[in-house]
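Below you'll find the structure, written out as structure tokens, and then a few comments.
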Amino acid sequence: MIVYEVRVLVDDEIRVAYRTWLDAHIAEILALPGFTGADLFGENDPSGKTCLVVRYRLRDQAALDVYLSDHAPRLRAEGIQRFGTRFSASRRVHEWISGYHSPNSDR
């Protein structure tokens, strides 16, 4: 499994509009082949901007490669066209190694 993480810093003035757009954006990405799920997190950021982190789960590296070459340029351009420079994004890729569970959790 591959985790494709997108960390976004959003100007507070567009926070609500960006979040509304992001929900639809995530749904569009999850409809693409190879994506198996996503989680959205909030993060405290010293800049005072709204920080959102999306962690997409993909079947494998090949699925991520197809996304990056065939879909990402268009999808990234849509966000830039809509919100301009009022947000910034950084991306990381993680390869799943192992999972652990607490014996106290209900899973």
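Each number in the working numbering comes from the position in the sequence shown (counting from 1) with 55 added on. For each residue, glycine too, the CB sits at the ideal point set by N, CA and C. Owing to the predicted nature of the structure, the values given are computational and were not obtained by experimental measurement.
List the endpoints of the continuous alpha helix (DSSP H) containing residue i.
i	result
D120	Q116 to D125
E83	R70 to L85
Following the continuous beta strand (DSSP E) through residue i, name the residue where it begins and the one where it ends.
i	result
D94	F90 to E98
H149	F142 to E150
Nearest-angstrom Cα distance between residue i and residue j?
i	j	result
F138	Y73	8 Å
G97	V63	10 Å
S124	S143	21 Å
D78	S157	31 Å
V148	T75	25 Å
T91	H80	15 Å
E60	P128	16 Å
L119	R70	28 Å
V121	I84	12 Å
V108	D66	15 Å
Name the DSSP beta bridge partners of residue i, please?
i	result
L113	I57 and F90
L107	V63 and G97
Note down, in chain order, each residue of its chain lying with its Cβ closer than 6 Å to the Cβ of residue i, except the 5 sequence neighbours on either side.
i	result
D94	R110
Which residues in the same chain as residue i place their Cβ atom closer than 8 Å to its Cβ, once the five residues preceding and following it in sequence are excluded?
i	result
W151	M56, I57 and V58
E68	R141
Once the 5 residues before and after residue i are set aside, which same chain residues still bring their CB inside 7 Å of it?
i	result
H126	L87
Report yes or no: is there a C-beta of chain D within less than 8 Å of the C-beta of residue i?
i	result
Y59	In the displayed structure, chain D is absent; only one protein chain is listed.
Q. Okay, do the stretch 99–115 and the stretch 128–136 touch, 3+ Cβ pairs below 8 Å being the bar?
A. Touching, no.
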